[in-house]
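Below is one structure, written out as structure tokens; the observations come after it.
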Amino acid sequence: MSYPALEQHFRRLGHLQHAAAILGWDEAVIMPAAAGAKRAEAMATLQVFIHEQLTDPRLGDWLAKATQETGLTPFQAANVREIQRLVRRAQAVSPELVERSANAQLRSEQAWRRLRADNDFAGFAPLLAEVITLKRELAAQLASALGLTPYDALMDEYEPGLKAAALDRVFADVRAFLPSLIEQVIERQRGEQAIVPRGPFPIAAQRALGEQMMQAIGFDPNHGRLDVSHHPFCGGVPSDVRITTRYDESDFTSALMGVLHETGHAKYEQGLPQDWMMQPVGSARGMAMHEGQSLCSEMQVSRSRAFLEFLVPHVAHAFPAAAAAQPEAFTVDNLYRFFTRVERSKIRVDADEVTYPCHILVRYGIERALIDGSLTVAQIPEAWDAGMRELLAISTGDDHRDGCMQDVHWPAGAFGYFPTYTLGAMTAAQLFQAALRAHPDLPAQIARGEFAPLNAFLRGAIWSQASLYDGEALLRRATGEALNARHFEAHLRTRYLSS
Numbered sequence: 069m070s071y072p073a074l075e076q077h078f079r080r081l082g083h084l085q086h087a088a089a090i091l092g093w094d095e096a097v098i099m100p101a102a103a104g105a106k107r108a109e110a111m112a113t114l115q116v117f118i119h120e121q122l123t124d125p126r127l128g129d130w131l132a133k134a135t136q137e138t139g140l141t142p143f144q145a146a147n148v149r150e151i152q153r154l155v156r157r158a159q160a161v162s163p164e165l166v167e168r169s170a171n172a173q174l175r176s177e178q179a180w181r182r183l184r185a186d187n188d189f190a191g192f193a194p195l196l197a198e199v200i201t202l203k204r205e206l207a208a209q210l211a212s213a214l215g216l217t218p219y220d221a222l223m224d225e226y227e228p229g230l231k232a233a234a235l236d237r238v239f240a241d242v243r244a245f246l247p248s249l250i251e252q253v254i255e256r257q258r259g260e261q262a263i264v265p266r267g268p269f270p271i272a273a274q275r276a277l278g279e280q281m282m283q284a285i286g287f288d289p290n291h292g293r294l295d296v297s298h299h300p301f302c303g304g305v306p307s308d309v310r311i312t313t314r315y316d317e318s319d320f321t322s323a324l325m326g327v328l329h330e331t332g333h334a335k336y337e338q339g340l341p342q343d344w345m346m347q348p349v350g351s352a353r354g355m356a357m358h359e360g361q362s363l364c365s366e367m368q369v370s371r372s373r374a375f376l377e378f379l380v381p382h383v384a385h386a387f388p389a390a391a392a393a394q395p396e397a398f399t400v401d402n403l404y405r406f407f408t409r410v411e412r413s414k415i416r417v418d419a420d421e422v423t424y425p426c427h428i429l430v431r432y433g434i435e436r437a438l439i440d441g442s443l444t445v446a447q448i449p450e451a452w453d454a455g456m457r458e459l460l461a462i463s464t465g466d467d468h469r470d471g472c473m474q475d476v477h478w479p480a481g482a483f484g485y486f487p488t489y490t491l492g493a494m495t496a497a498q499l500f501q502a503a504l505r506a507h508p509d510l511p512a513q514i515a516r517g518e519f520a521p522l523n524a525f526l527r528g529a530i531w532s533q534a535s536l537y538d539g540e541a542l543l544r545r546a547t548g549e550a551l552n553a554r555h556f557e558a559h560l561r562t563r564y565l566s567s
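FYI, the numbering used here numbers position 421 of the sequence shown as 489, with every residue one higher than the one before it.
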């Protein structure tokens, strides 16, 4: 039988990807700055070796025979399907381009960390231009082999099957209700005053509180850890999940919500079926679903009044001096107003959930234009400023640090990823409504710090299924319908206009 040969081959490939993931975490978190050039070469070489394993000539014969084999379990049959998808994508791209792209992306990301702090877009632009040139070349190779447009071919890496034509329809639904909703919410909140908690909030205490909340909502510390990086992320592998955040002693809320967001990602990874850990079918089902887990954790749960009833005593315990000096700031009512405050702002990762999709729409439009060649790197700041003024009535001007240089995605070559954030917000709202139907007393459970029922629902509906189904089928099985923007809209209207 050929199927066992496929599993054995991808088990070894999974070990290589495990090593690459931990090397990537190390590069972003603790690698000495001067080690960057050689690390880029080493990681590029590893990516080429992984690519060689995905294009092994034996795979074609094994796959042809495996598809004809009878008696495969549903997970085995889905594994064959996922292997076919990965192999087809790998075969479309030359090893030389894989190496050049990996090297350029790592050098660009390393420089971005330094140049962003200096607001130096001019110094960053040549590095980003090289990344985009190579990404366009890669997209063209993929598009030719897969019968897709170049941008669709890039999105397919992060959300298999997603196409810009369908995405445009979804985003049109969001655009139809969002601008007026933002205006209504801001007007309603105009008379509501949220007291800003004053620090200092020692970093050690912030870290301890973050770790406490991570474990409270279901993170397994025996299979993961929390660290610091320039840009928060969740990486590693299911058996060793690496979360990062960044701290500000004057504000504990940003780091805490970042940790709770990334913990949603981590719980998904830790909840994947262990028996399939080193196989493609054992991977998470696309980044829209992945972002759905993180936004369910942060937005649906952690910014709810119920969660704050659980959180507030722990915050007061973590920062006793601040709580004693300003008790009115550390009440459930005030923190709820604070965590649900809607304001137009420059920074995506700190944006509220109402204005957040506008940040994604700006990036989506720009990166599509960069890939189709209608926008140059030199034009990015102007296009960014125009998009922010149109959708959020904010000008970024020459503030590149908090404008077009704020995200790690483009220097790291992650074109096609940004749309999954808003798809994830919609997914989170739809999943949480399904969880409420299954557990009507869910808010009361959350207020008591009981997260097992919600985790059990997500584990059964999403995590344990891994990539057994495609994204649409997985969501339909979990919620009873395909992705529907009305759940996201209803959530926003209920939280911000009805409560």
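All residues carry an ideal CB built from backbone N, CA and C; glycine is no exception.
HIS291 and ARG256 have their alpha carbons spaced roughly 44 Å apart. Taking C-alpha positions only, THR495 is separated from GLY360 by approximately 5 Å.
With respect to GLY539, MET355 sits apart: the two C-beta atoms are not nearer than 7 Å. Shown here, ILE271 sits in a helix according to DSSP, grouped into three states. In the three-state scheme derived from DSSP, where H, G and I count as helix and E and B as strand, ILE462 is classed as coil. Counting the other Cβ atoms within 10 Å of the Cβ of GLU337 gives 16 or more, which makes it buried.
With 16 or more neighbouring CB atoms inside 10 Å of its own CB, LEU249 falls in the buried class.
Distance from the CA of ALA284 to the CA of THR201, rounded to the nearest whole angstrom, comes to 45 Å.
The C-beta distance from ILE151 to PRO348 rounds to 5 Å, short enough to meet the 8 Å contact threshold. ARG310 counts as buried, since no fewer than 16 other beta carbons sit within 10 angstroms of its beta carbon. If you keep only unbroken beta strand (DSSP E) runs of at least 3 residues inside the stretch 227–296, you get 292–296.
When the alpha-carbon of LYS414 is set against those of ASP453, ALA437 and GLN447, the nearest one is in ASP453. For the pair GLN394 and ARG258, the Cα-to-Cα distance works out to about 23 Å.
Put simply, the stretch 479–488 does not touch the stretch 496–508. Fewer than three CB pairs are less than 8 Å apart.
Sixteen is the threshold: since fewer than 16 other Cβ atoms of the shown chains lie within 10 Å of the Cβ of PRO142, the residue is exposed. Relative to ILE263, the option among PRO306, LYS231 and THR321 whose CA is nearest is THR321. DSSP, reduced to helix, strand and coil, places THR423 outside both helices and strands of the structure shown, so it counts as coil. Residue state for ARG563 is assigned as helix, using DSSP reduced to three classes. A straight-line Cα-Cα distance of about 10 Å links VAL445 and PHE192.
As summarised for the stretch 129–196, the continuous alpha helix (DSSP H) elements at least 4 residues long and confined to that stretch are 142–159 and 163–185, given in chain order. Straight-line spacing of the CA atoms in LEU459 and LEU542 works out to 32 Å. Secondary structure note for ILE90: its alpha helix (DSSP H) is the uninterrupted segment 71–97. CA-CA distance, ILE514 to ASP316, rounds to 27 Å.
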